[in-house]
Amino acid sequence: MPSRTLPAALLLCVTAPALTLLGLVAASPVAASPAVAAQEEPPADTTPPQIDLDPCFGSEPCQRQAAYVAGWLDEGDDLAVLGALLDGEPVAERVYDDGSGFEPHGWFHAPGQDVVYEVDYAMVVGVPQGEHQVTFYARDLAGNETSRTTTVVGAEPPGRPGELRAPERPRRGGFVLRWADAEQNGSYVHRYRVQHGREDRWTVGGVPSTPDTRLAWFGLEPGWHTFRIRATNGVGEGRATRLRVYLHRPG
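Going by numbering that gives the first Met the number 0, the first residue of the sequence shown is number 0, and it counts up by one from there.
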């Protein structure tokens with residue numbers, strides 16, 4: 000059977016373009032692998048730390064011996080620096096993250112409280128007597144900052160105990176004194192001092208639990224007796240409430 004070959008002219012027509020194409024392919028550099036798409040940069044962090052910087056807990060102005068903030072960070076939030084100003088002057092600053100990792104505050108004893116608990120952040124600013132502007136600020140590693148300025152009135156000595164009365168107990172030679180709580184004036188009352196002549200007695204409470212407002216005083220002679228009661232808080236002792244009562248002889 001005769002071989003089926005293409006005529007030479009037709010072969011040239013077929014092979015010339017093919018050779019030209021092969022030459023172009025050979026002359027062209029090898030196609031590079033598809034480039035890995037550049038990863039998009041994450042959006043810049045513009046959200047400041049989301050922490051509560053209100054020392055008045057929603058009741059501004061407030062009266063405090065010391066203003067403080069304390070708490071825990073939300074999931075995904077960060078805090079690098081916590082600081083405070085009193086009337087515009089820096090008074091405290093603490094670094095919680097210098098870039099090597101967050102270090103929580105740890106145990107915290109809130110002013111005027113008798114409990115200690117673990118927190119992520121905390122700061123306390125003493126407030127002198129009078130009205131002041133207390134500013135707390137927080138900053139993250141990206142430089143985002145949030146702040147809050149609050150009007151805080153410094154604590155004062157407590158007010159006078161009120162409604163002092165002393166029902167007599169002639170058979171026991173004395174009285175059972177009772178009175179109403181004194182105004183705290185920004186600091187917990189932790190003691191009442193009862194004076195009779197040159198003798199003092201006290202009722203004492205565990206802050207923030209108030210001390211008793213009742214005291215029995217027996218063993219007295221019949222006749223007139225004067226009692227003075229003063230409250231004490233974290234700032235000092237307040238003015239006295241005075242009561243003069245007569246003890247009758249046992250019937």
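Beta carbons: idealized from backbone N, C-alpha and C, even for Gly.
Give the straight-line distance between the Cα atoms of residue i and residue j, rounded to the nearest whole angstrom.
i: Met251; j: Trp201; result: Since the first residue of the chain shown is 0 and the last is 250, residue 251 is not available in this structure.
i: Val126; j: Asp53; result: 15 Å
i: Gln49; j: Glu144; result: 10 Å
i: Glu74; j: Glu102; result: 15 Å
i: Gln62; j: Arg229; result: 21 Å
i: His104; j: Trp71; result: 10 Å
i: Phe217; j: Gly185; result: 34 Å
i: Arg243; j: Glu167; result: 12 Å
Is DSSP giving residue i helix, strand or coil here?
i: Arg171; result: helix
i: Glu155; result: coil
i: Pro160; result: coil
i: Leu52; result: coil
i: Glu182; result: coil
i: His195; result: strand
i: Val244; result: strand
i: Glu236; result: strand
i: Gln64; result: coil
i: Ala69; result: strand
Give me the Cβ distance between residue i and residue j, rounded to the nearest whole Å; I'm assuming they're in contact under 8 Å.
i: Asp139; j: Pro42; result: About 15 Å; that fails the 8 Å criterion.
i: Tyr116; j: Phe107; result: 6 Å
i: Pro169; j: Leu85; result: The Cβ separation is near 56 Å, so there is no contact.
If we count the other Cβ atoms within 10 Å of its Cβ and call it buried at 16 or more, is residue i buried or exposed?
i: Tyr67; result: buried
i: Ala31; result: Note that Ala31 scores 49 on pLDDT, short of 50, meaning its location in the model is unreliable; the coordinates nonetheless yield the value given after this. By the neighbour-count rule (16 or more Cβ atoms within 10 Å), Ala31 is not buried but exposed.
i: Asp155; result: The sequence shown places Glu at residue 155, rather than the Asp named in the question. Answer is buried; the Cβ neighbour count reaches 16.
i: Ser58; result: exposed
i: Pro210; result: buried
Mind listing, in chain order, the continuous beta strand (DSSP E) runs of no fewer than 3 residues lying wholly within the segment 76-153? If we require 3 residues or more, the beta strand (DSSP E) runs fully inside the segment 76-153 come out as 80-85, 88-94, 105-108, 115-118, 120-125, 129-138 and 144-153.
Can you list the beta strand (DSSP E) stretches of 3 or more residues lying completely in the segment 200-231, in chain order? Listed in chain order, the complete beta strand (DSSP E) runs (minimum 3 residues) inside the segment 200-231 are 213-216 and 222-231.
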